[in-house]
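Chemist:
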Amino acid sequence: MSGLTDDDLAVITKGMLSYSRLSATGGALFSATLGLFIAYLLFSTRASRRSPLFAINCLSFFCVALYSLINLVNATLHIRNFLLDKDNIQLAGTSTVLDFLSTFSPLVSDSTLTFKLSAVYPAWMGSGSGRTRKWVLGIYIALLILRIGPSIAMIWVGVHFYVVRAHRGLSYSEYLEGVNNYPAWIRESDVGLQLLSSVYASGLLLYRAYVFSQRHTDRRSQAWRHLRFFIESTLMSFVPPVLCQIMLITTIPIGTDTGATVVTWAIYFNIFSSLLFSVLATSWSTIRSHGSDLAAAALAPNPAAVGQGTSSSHLSPQHSPAKTNSSPINDTLLGSVLGDAGYLYQEQQQQRQHPSASRPGQSESEDMEVVVTMPESEKEGDGAFVRRGKGRWR
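Residue numbers (full-length UniProt numbering): 1 to 394.
(1) How about L59 and V108: are their beta carbons less than 8 Å apart?
(2) Specify the secondary structure class of residue 454 as computed by DSSP and reduced to three states.
(3) Our contact map puts P241 next to F277 with C-beta atoms below 8 Å; I'd like the distance itself, whole angstroms only.
(4) By DSSP, does T45 sit in helix, in strand, or in coil?
(5) Using only CA atoms, which one of Y268, K116 and P106 lies nearest to A281?
(6) For V263, does the count of other Cβ atoms within 10 angstroms reach 16, so buried, or fall short, so exposed?
(7) So, for R352: in the same chain, excluding its five sequence neighbours on each side, which residues have a beta-carbon less than 7 Å away from its beta-carbon?
(8) Would you report the Cα separation of F161 and R168, rounded to the nearest angstrom?
(9) Could you spell out where the alpha helix (DSSP H) holding F161 opens and where it closes?
(10) For the structure I just gave you, are there three or more beta carbon pairs, one from the segment 66–80 and one from the segment 21–30, closer than 8 Å?
(11) How big is the Cα-Cα spacing for I246 and S198?
(12) With distances taken Cα to Cα, identify the nearest neighbour of S193 among L137, V157, S151 and Q214.
(13) Quick check: the Cα distance between W185 and L205, rounded to an integer number of angstroms?
(14) Among S18, D257 and S102, whose alpha-carbon lies nearest the alpha-carbon of D190?
(15) Pull up the CB-CB distance for A65 and T33, whole angstroms please, since I reckon it's below 8 Å.
(16) Considering only residues of the same chain and omitting the five flanking positions on each side of F272, which have a CB-CB separation below 8 Å?
(17) Could you give the distance in angstroms between the alpha-carbon of S213 and the alpha-carbon of Y207?
(18) In three-state terms, what does DSSP make of N88?
(19) Three-state secondary structure (DSSP) at A39?
(20) What is the C-beta distance between G26 and L69, in whole angstroms, given that I count them as a contact (C-beta under 8 Å)?
(21) Going by Cα to Cα distance, which pick from V157, T261 and S274 is closest to C244?
(22) Quick test of your reading: A201 and Y140, contact by CB under 8 Å. State the CB separation rounded to the nearest angstrom.
(23) What are the start and end residues of the alpha helix (DSSP H) that includes residue 440?
(24) What would DSSP say about T132, mapped onto helix, strand or coil?
(25) Would you mind stating whether M154 and F82 have Cβ atoms separated by less than 8 Å?
(26) Are there any heavy atoms of the ligand FAD lying less than 7 Å away from the beta-carbon of S197, as far as the coordinates show?
(27) Using the C-alpha atoms, what's the distance from L170 back to F62?
(28) Within a Cβ cutoff of 8 Å, which residues of the same chain sit near S95, ignoring the five residues on either side of it in sequence?
(29) For G259, collect the residues of the same chain with a Cβ closer than 6 Å to its Cβ; drop the 5 residues on either side in sequence, then sort them by chain order.
(30) Measure the alpha-carbon distance for Y40 versus A47 and round it to whole angstroms.
(31) How long is the line joining the alpha carbons of T45 and L113, rounded to whole angstroms?
(32) Closest to L144 by C-alpha separation, out of L91, P183, F104 and S118, would be which residue?
(33) Mark G93 as exposed unless 16 or more other C-beta atoms lie within 10 angstroms of its C-beta, in which case mark it buried.
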């Protein structure tokens with residue numbers, strides 16, 4: 001580097017810092033995605049894991065994690081080619097995959113709104129025909145299908161502007177000239193379709209919520225409470241990604257280095273916010289319902305303490321004693337693992353406290369009877385199971 005001028009060294013330093021930040025961003029994005037996926041998996045119930053929504057969310061997690069890892073590799077290849085000016089074929093391949101995933105990952109995340117439209121829109125239409133349902137779902141699905149076009153076009157851009165130029169043996173600077181000249185209208189069309197589909201779906205959901213609120217004036221009812229949860233989840237799935245989409249639309253036409261930096265960060269935020277808030281939006285009503293039920297259970301009176309004159313029918317179903325003693329975490333994967341560990345620990349404690357309970361000729365683990373009381377009940381006999389031997393319940 002003895003022949004480089006001060007301006008060349010300044011450009012090299014700026015490029016190294018830029019790609020180093022991109023590499024760190026890829027690692028941070030992967031860590032956040034992995035942590036969110038583990039939490040989503042541990043707190044998922046058996047019923048939710050059987051639904052198509054769970055599979056779509058898992059696919060969205062996979063796309064974002066793959067994008068973050070390839071982004072890390074891509075930044076490393078940029079640094080190597082920036083200094084050594086070597087073969088750019090690997091860099092062309094990773095850049096093509098990144099451009100495709102930057103448009104396909106939000107598409108997978110936004111497809112979860114289809115389940116919300118299908119689940120709640122017909123329920124609030126009264127006795128209307130099914131033609132409205134077909135139009136509502138058909139238009140949104142058509143918008144999602146149209147968004148596949150820019151994703152496929154990104155592959156064409158990568159092959160035409162990245163891979164072909166790399167196989168010609170061009171230098172790194174000449175390679176970057178072709179990369180910077182790819183048609184920006186492809187990404188602009190994708191962002192516009194994403195903004196249109198989000199506004200369409202969220203607008204319909206909020207309109208249905210408004211119509212429902214006009215029919216139910218009792219703000220203390222359970223229906224109004226669930227309506228509030230639904231509005232919160234709809235705004236959650238709509239507002240944060242739309243801010244990133246507006247940022248992309250306004251900054252893509254800017255041809256400066258600052259505009260390119262803003263576009264890069266907006267793409268990152270759009271990918272991760274679409275994933276994060278699609279997962280939260282599809283689970284928010286359940287989270288808020290469980291939280292409200294537990295809070296109400298702590299304040300609900302005990303019929304046994306009040307007296308025999310208090311009837312349990314005066315309590316709402318979510319405030320009944322049989323349900324307040326249970327925790328929503330018992331239905332999740334984490335609750336199952338903790339429950340199995342608790343049963344094993346209780347069985348070991350029983351064996352230590354009563355080592356002489358076994359009959360002659362049989363081991364303690366094969367003969368001992370362990371009474372396990374389920375956490376849903378405090379009464380003996382109500383939810384109590386007797387276990388004998390290795391895994392047989394009687």
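Glycine included, C-beta positions come from ideal geometry on N, C-alpha and C.
Here the structure is a predicted model, which means the values were calculated and not measured.
Modeler: The short version:
(1) yes
(2) Lying before the first or after the last residue shown, residue 454 is absent from the chain, which here runs from 1 to 394.
(3) 7 Å
(4) strand
(5) K116
(6) buried
(7) none
(8) 11 Å
(9) No alpha helix (DSSP H) contains F161, which DSSP labels as neither H nor E.
(10) yes
(11) 12 Å
(12) Before going on, a small fix: residue 193 reads as Leu here, not Ser. Of the candidates L137, V157, S151 and Q214, the one whose C-alpha sits nearest the C-alpha of L193 is S151.
(13) 30 Å
(14) S102
(15) 5 Å
(16) L29, A32, T33 and V64
(17) 10 Å
(18) coil
(19) helix
(20) 7 Å
(21) S274
(22) 5 Å
(23) There is simply no residue 440 to check, as the chain begins at 1 and stops at 394 in what is shown.
(24) helix
(25) no
(26) The ligand FAD is absent from the structure shown, which contains no ligand whatsoever.
(27) 34 Å
(28) N74, G158, Y162 and V179
(29) T251
(30) 14 Å
(31) 20 Å
(32) F104
(33) buried
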